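Protein chains in written order, with the numbering used here: chain A, 5 to 279; chain B, 5 to 279; chain C, 5 to 279; chain D, 5 to 279.
Where is the CB? At the ideal position from N, CA and C, for every residue including glycine.
Model, not experiment: these values are computed from the prediction.
4 protein chains.
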Amino acid sequence: MKKWSKENVVDTLPVRKSDAHKGTYGTALIAAGSRFMPGAAVLSAIACMRSGVGKLEMGTEESVIPYVIQHLPETTFVPGFYERLNDLPFNHYTVLAAGPGREENDETEKVVQTFLSTDLPVVLDAGALRERTYQKRKSPVILTPHPGEFIRISSFDKEKVEQDRQAAAAEFAAQTGVTVVLKGKETITAFPDGETYMNTTGNSSLSKGGTGDTLTGMITGMLCCHDDWKHAILNAVYLHGACADHWIKTRSPHTMLASELSELLPEVWKKYEQK
Amino acid sequence: MKKWSKENVVDTLPVRKSDAHKGTYGTALIAAGSRFMPGAAVLSAIACMRSGVGKLEMGTEESVIPYVIQHLPETTFVPGFYERLNDLPFNHYTVLAAGPGREENDETEKVVQTFLSTDLPVVLDAGALRERTYQKRKSPVILTPHPGEFIRISSFDKEKVEQDRQAAAAEFAAQTGVTVVLKGKETITAFPDGETYMNTTGNSSLSKGGTGDTLTGMITGMLCCHDDWKHAILNAVYLHGACADHWIKTRSPHTMLASELSELLPEVWKKYEQK
Amino acid sequence: MKKWSKENVVDTLPVRKSDAHKGTYGTALIAAGSRFMPGAAVLSAIACMRSGVGKLEMGTEESVIPYVIQHLPETTFVPGFYERLNDLPFNHYTVLAAGPGREENDETEKVVQTFLSTDLPVVLDAGALRERTYQKRKSPVILTPHPGEFIRISSFDKEKVEQDRQAAAAEFAAQTGVTVVLKGKETITAFPDGETYMNTTGNSSLSKGGTGDTLTGMITGMLCCHDDWKHAILNAVYLHGACADHWIKTRSPHTMLASELSELLPEVWKKYEQK
Amino acid sequence: MKKWSKENVVDTLPVRKSDAHKGTYGTALIAAGSRFMPGAAVLSAIACMRSGVGKLEMGTEESVIPYVIQHLPETTFVPGFYERLNDLPFNHYTVLAAGPGREENDETEKVVQTFLSTDLPVVLDAGALRERTYQKRKSPVILTPHPGEFIRISSFDKEKVEQDRQAAAAEFAAQTGVTVVLKGKETITAFPDGETYMNTTGNSSLSKGGTGDTLTGMITGMLCCHDDWKHAILNAVYLHGACADHWIKTRSPHTMLASELSELLPEVWKKYEQK
Ligand SMILES: Nc1ncnc2c1ncn2[C@@H]1O[C@H](COP(=O)(O)O)[C@@H](O)[C@H]1O
Ligand SMILES: Nc1ncnc2c1ncn2[C@@H]1O[C@H](COP(=O)(O)O)[C@@H](O)[C@H]1O
Ligand SMILES: Nc1ncnc2c1ncn2[C@@H]1O[C@H](COP(=O)(O)O)[C@@H](O)[C@H]1O
Ligand SMILES: Nc1ncnc2c1ncn2[C@@H]1O[C@H](COP(=O)(O)O)[C@@H](O)[C@H]1O
Ligand SMILES: [Mg+2]
Ligand SMILES: [Mg+2]
Ligand SMILES: [Mg+2]
Ligand SMILES: [Mg+2]
């Protein structure tokens with residue numbers, strides 16, 4: 005089983021170009037948050053802005069805007085996102101993500117289908133995860149289910165998944181043609197071409213609400229600053245876990261909050277950058 | 005008089021399981037906050053999320069939601085909590101708590117009675133404290149009064165309580181069949197089976213509004229990550245005081261805010277974890 | 005000219021009583037904030053909660069509540085403050101303050117007159133400063149004008165005030181029977197009995213909007229935890245300046261924000277506490 | 005090509021006067037923020053308050069007020085800003101700025117024209133940037149375009165600008181009579197009198213949404229505390245970049261948020277102050 009190692013991370017992290025401007029790293033669009041789960045939008049937004057993106061726009065209900073701005077004034081918003089869905093200027097965006105803080109419902113599915121109809125990389129999590137087939141498209145689709153969600157979207161048996169998570173993820177990726185990040189202790193990332201990696205970072209401080217929303221934001225941001233989209237995913241999963249590993253050096257694993265992963269990222273990421 | 009000592013804490017703190025996911029530590033439901041006392045919901049929520057819980061849902065008036073999310077985007081909310089009270093999916097929860105930032109009124113009492121009618125552990129504080137009898141039930145009920153509240157709910161004489169707090173608390177626990185955490189300098193925890201402990205941490209920096217709300221959140225969270233519910237309570241009371249003791253090493257006791265107890269908890273807790 | 009020195013501070017700072025509860029240090033009521041100046045309520049509230057009070061209630065427009073809670077969930081609010089003004093349970097409070105973030109208008113004056121009609125210490129700042137006479141009362145009235153405000157409320161000539169601030173403040177205090185804290189570099193505190201002190205701390209990092217609101221909160225809080233109300237005022241002015249002096253050791257004086265004074269207070273205060 | 009060097013900064017940074025009061029450093033008025041871009045108002049406000057101003061008033065839609073106060077309670081607001089535009093007491097202000105978080109539309113242009121009709125220094129950024137001619141006036145006008153904005157307001161060819169940014173900026177400043185800060189790696193500041201400087205600080209961590217809004221706030225604040233307005237601009241650009249350079253010493257350049265520049269400013273600025 006291939007592991008994504010510290011050396012892999014050091015070798016593949018992008019150098020931020022000295023003559024870059026915010027356009028160089030593109031604009032991410034994250035569709036997240038709802039009335040009773042607004043915080044997931046906040047968590048994914050913070051994580052994305054910490055992960056190399058140039059600009060971030062949120063597609064969300066207007067009631068969610070205040071929460072994001074309070075935590076992250078750097079964000080802007082798509083006016084009338086749900087009404088304008090068929091009319092969004094997708095050539096303006098670099099990466100699309102959907103799902104954190106969303107119910108699995110028709111409105112969410114409409115967002116997903118609209119995103120999938122573009123040529124852009126699409127990250128789907130939480131409420132955007134559903135059993136469906138995927139058309140061939142120019143850019144990757146990345147799903148980030150935890151085991152419960154994976155069973156739901158794959159219709160695989162619980163036993164099958166538990167017995168060999170890697171095989172199950174690989175089978176799913178091959179069948180559907182999309183990338184699956186099967187989360188948990190030792191997260192499996194299975195690409196549709198058969199490549200599969202196991203993550204080696206992270207610990208049980210991550211077993212708390214919101215850490216998945218943070219991961220979605222990190223993957224989205226890293227897709228914007230990496231040339232190779234596979235490296236972006238693998239590095240996001242790795243650094244997400246490395247932040248948690250940094251936390252428990254001086255603090256109890258019972259006490260971490262998901263937002264703190266993003267606060268730790270700047271210093272943790274630095275450690276993997278070549279001098 | 006038995007004291008809950010540093011050694012007891014070290015011996016009984018749970019190890020966070022390396023293969024845990026957020027479901028492993030369950031979901032707490034805290035009913036707290038109201039229009040003119042919204043902050044108590046915030047304080048108990050922060051404390052709970054710092055104390056080992058898997059997920060946190062708040063049952064509160066919609067006007068309180070923004071305050072919680074601003075401080076803690078990791079939280080989610082029960083839609084229409086007060087209307088759906090008879091209809092809540094209690095098998096979805098692990099621990100229930102009620103009272104911080106609530107007036108002692110009919111609406112609060114309805115929440116309390118609904119919570120008591122379940123099989124789950126129930127923590128009652130502040131506005132949820134009232135003189136009442138308790139039915140035998142599967143899981144513990146924990147009351148966390150300060151002396152003024154204790155006198156109100158016990159109808160004991162002020163003198164009786166002041167003369168021997170431990171005896172009074174023990175008598176109350178035996179009579180009612182519930183656990184009482186009689187707060188103050190050297191908090192007494194009296195269990196209905198007669199066991200009684202005195203806490204040895206804490207100081208007068210805790211004599212400020214909001215510290216009790218923080219304790220309620222800590223007890224609720226710790227009930228989610230401890231196997232033994234008695235240890236959960238005793239450790240929560242102990243660490244709550246230990247955070248205050250940490251504060252005054254470098255800062256004046258006049259200056260602490262209740263929310264800071266939760267900020268100190270990660271490093272303080274770590275000190276009691278076995279290597 | 006008498007100076008309030010470091011030794012005076014060390015000698016007069018209160019020891020927080022080991023068996024205190026939040027009632028021991030009483031409840032402050034601050035009437036502050038308005039629609040276009042809501043932040044002053046926030047600043048005075050934070051400062052007060054950091055300065056030894058037991059509990060804090062804010063009397064403010066409902067639109068101001070969110071701002072305070074976002075910064076300070078430990079605060080509660082008087083429901084319908086302006087409507088219930090004649091009906092407030094003043095025996096419930098320990099110290100009253102009014103003015104930060106208030107226009108000098110009829111509504112503010114009604115608050116001031118109501119506060120003055122009680123037996124409690126009253127602190128008046130900003131919009132609550134007006135030329136008026138004061139009845140003899142049981143507890144002190146403390147005014148905290150900057151020179152511009154002082155000229156307005158005293159009808160003294162600008163020249164007279166500039167030539168000898170101490171004499172002017174002392175004359176005003178003797179005439180009106182109230183205490184005046186004439187702010188600025190080397191703030192003068194003149195008591196109605198003729199005692200007058202010059203403050204020796206502070207620097208030009210304080211020359212920025214909001215620092216006066218912070219001082220009002222500190223005086224209010226310290227009145228709650230000092231036995232001697234004169235010491236409370238003198239120590240609040242001193243420590244307010246000492247926080248600014250601490251700031252400029254490592255940071256430019258051009259860059260300080262008023263809220264940061266309160267963040268620095270816990271460690272600064274500690275330095276003056278006897279071992 | 006002249007560079008604005010560390011020595012220039014050390015020589016020209018103002019000493020904050022020991023007997024200053026907030027009036028000494030004047031009041032800035034920033035017109036910024038809109039419904040879907042409220043955060044830019046926050047970012048420019050924070051940066052301005054950190055940069056030596058005495059007081060800050062924001063001219064903005066009422067929906068933006070909460071966001072600013074949540075981050076910066078030290079700010080106040082112009083009641084009914086857009087309605088009262090022709091009626092504002094401009095003798096009350098020291099420096100005016102407009103544009104961050106604004107669309108380029110009629111309402112924004114009305115603000116710009118009103119500001120330009122005063123005798124005060126005016127900083128224009130983002131939505132306030134438009135191709136226009138400028139009347140001779142008493143105080144400087146400062147435009148802060150990035151290259152894309154510069155091409156739009158100058159109608160210069162993209163090639164011309166890219167080939168020799170300095171010449172293009174100097175030509176524009178000479179033609180229009182206003183100062184242009186042409187942002188990017190090695191920002192060019194061209195004054196209408198022909199003087200032109202290249203900035204030597206900053207790095208690609210600045211290639212992220214919001215960093216320009218922060219620069220606008222810093223320039224605005226520094227105009228309030230510098231005697232020489234040219235030094236104010238050059239020092240703001242320099243320190244803005246120096247904060248970013250400080251960030252990457254210990255943190256990855258991919259991870260910085262625009263608001264953090266302002267958090268780093270106090271310590272970074274201090275390093276350039278003469279003992
Ligand atoms: N025990 C664990 N060890 C390592 N990673 C974990 C553990 N529990 C949860 N995680 C990670 O935390 C996140 C949880 O995502 P979610 O279930 O969507 O909230 C995923 O990135 C998981 O890989
Ligand atoms: N003087 C003190 N010494 C130790 N703990 C205290 C003291 N005063 C208050 N506390 C604790 O602070 C909290 C106050 O709760 P409450 O009265 O509900 O706000 C309880 O946990 C008390 O045990
Ligand atoms: N140059 C200065 N030196 C010392 N203290 C100052 C200076 N400028 C302002 N202050 C203090 O800052 C506060 C300003 O209050 P206000 O004018 O109401 O905002 C008062 O406490 C003043 O004493
Ligand atoms: N690669 C870079 N190196 C140095 N400064 C940069 C770089 N990219 C952006 N900046 C600065 O970041 C800010 C971006 O402003 P704006 O484009 O309006 O958001 C300006 O101050 C630029 O000078
Ligand atoms: Mg998830
Ligand atoms: Mg309580
Ligand atoms: Mg003032
Ligand atoms: Mg810009």
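query: Suppose contacts are defined by Cβ-Cβ distances below 9 Å. Is C:L186 in contact with C:H150 by that definition?; result: yes
query: For A:L119, decide whether its Cβ has a neighbour in chain D, counting only Cβ atoms nearer than 9 Å.; result: The displayed chain sequence assigns Phe, not Leu, to residue 119 of chain A. It does not; no Cβ of chain D falls within 9 Å.
query: So, with DSSP's three-state summary, where would you put D:L76?; result: coil
query: Quick one, which of B:G37, B:R54 and B:L100 has its alpha-carbon nearest B:P70's?; result: B:G37
query: For the segment 72–94 of chain A, enumerate the residues whose C-beta is nearer than 8 Å to any C-beta of chain B, in chain order.; result: Q74 and H75
query: Opposite D:F81 in the DSSP bridges: which residues?; result: D:M62
query: Please return the same chain residues whose Cβ sits closer than 7 Å to the Cβ of A:G131, not counting the five positions on each side in sequence.; result: G103, R106, E107, E108 and T112
query: Write down every uninterrupted run of the beta strand (DSSP E) in the segment 125–176 of chain D whose length is 3 residues or greater and which is fully enclosed by it, in chain order.; result: 126–128 and 145–147
query: Helix, strand or coil, according to DSSP, for C:N203 in the structure here?; result: strand
query: In or out: C:S48 buried (at least 16 other Cβ within 10 Å) or exposed?; result: buried
query: Along the chain, where does the beta strand (DSSP E) containing D:L100 start, and where does it finish?; result: V99 to A102
query: Chain B partners of C:K253, CB-CB under 9 Å?; result: Here the premise fails: no neighbours, minimum Cβ distance about 16 Å.
query: Go ahead and pull the three-state DSSP assignment for D:L186.; result: strand
query: Ignoring anything shorter than 3 residues, give me the beta strand (DSSP E) runs that lie fully in the segment 9–56 of chain D, in order along the chain.; result: 31–35
query: Classify B:T137 as buried or exposed, calling it buried when 16 or more other Cβ atoms lie within 10 Å of its own Cβ.; result: exposed
query: DSSP three-state label for C:K279, please.; result: coil
query: Would C:K212 and D:K26 be called neighbours here (beta carbons separated by less than 9 Å)?; result: yes
query: At a CB-CB cut-off below 9 Å, which residues of chain A make contact with D:K189?; result: S22, D23, A24 and H25
query: How would you list, in chain order, the residues of chain B whose beta-carbon sits under 7 Å from the beta-carbon of A:M41?; result: T80
query: Closest Cβ-Cβ distance between D:T215 and chain A: below 9 Å?; result: yes
query: 9 Å is my cut-off, CB to CB: does D:Y242 come that close to chain C?; result: no
query: Under 8 Å Cβ to Cβ from A:Q179, same chain only, skipping five residues before and after it: list those, please.; result: none
query: Using 9 Å as the limit for Cβ to Cβ distance, is A:H230 near chain B?; result: no
query: For the segment 260–278 of chain B, enumerate the residues whose C-beta is nearer than 8 Å to any C-beta of chain C, in chain order.; result: M260, L261, A262 and S263
query: Give me, in chain order, the residues of the same chain whose beta-carbon lies closer than 6 Å to that of A:V13; leave out the 5 immediate sequence neighbours on both sides.; result: N239, Y242 and Y276
query: Does chain B have any CB closer than 9 Å to the CB of A:A44?; result: yes
query: Is the CB of A:P196 under 9 Å away from at least one CB in chain B?; result: no
query: Nearest CA to the CA of A:G198: which residue from A:T205, A:E87 and A:T183?; result: A:T183
query: With a cut-off of 9 Å, does the C-beta of C:K59 fall near any C-beta of chain B?; result: yes
query: Which residue's Cα is closest to the Cα of B:H254: C:A246, C:T191, C:E264 and C:E271?; result: For clarity, residue 254 of chain B is Thr in the given sequence; the question names His instead. Nearest C-alpha to B:T254: C:E271.
query: Shorter than 8 Å, the distance from the beta carbon of A:A45 to the closest heavy atom of ligand 3, or not?; result: no
query: Helix, strand or coil for A:T118, going by three-state DSSP, please let me know.; result: helix
query: Is the closest heavy atom of ligand 2 to the C-beta of B:S211 under 8 Å?; result: yes
query: Less than 8 Å separating the Cβ of B:P283 from some heavy atom of ligand 6?; result: An answer regarding residue 283 of chain B cannot be provided, because it is not within the stretch 5 to 279 covered by chain B.
query: Can you confirm whether B:S4, when its beta carbon is compared against all beta carbons of chain A, has any partner nearer than 9 Å?; result: The first residue shown for chain B is 5 and the last is 279, placing residue 4 of chain B beyond what the model contains.
query: Using the beta-carbon of each residue, which ones in chain D are nearer than 8 Å to A:P70?; result: P70 and Y71
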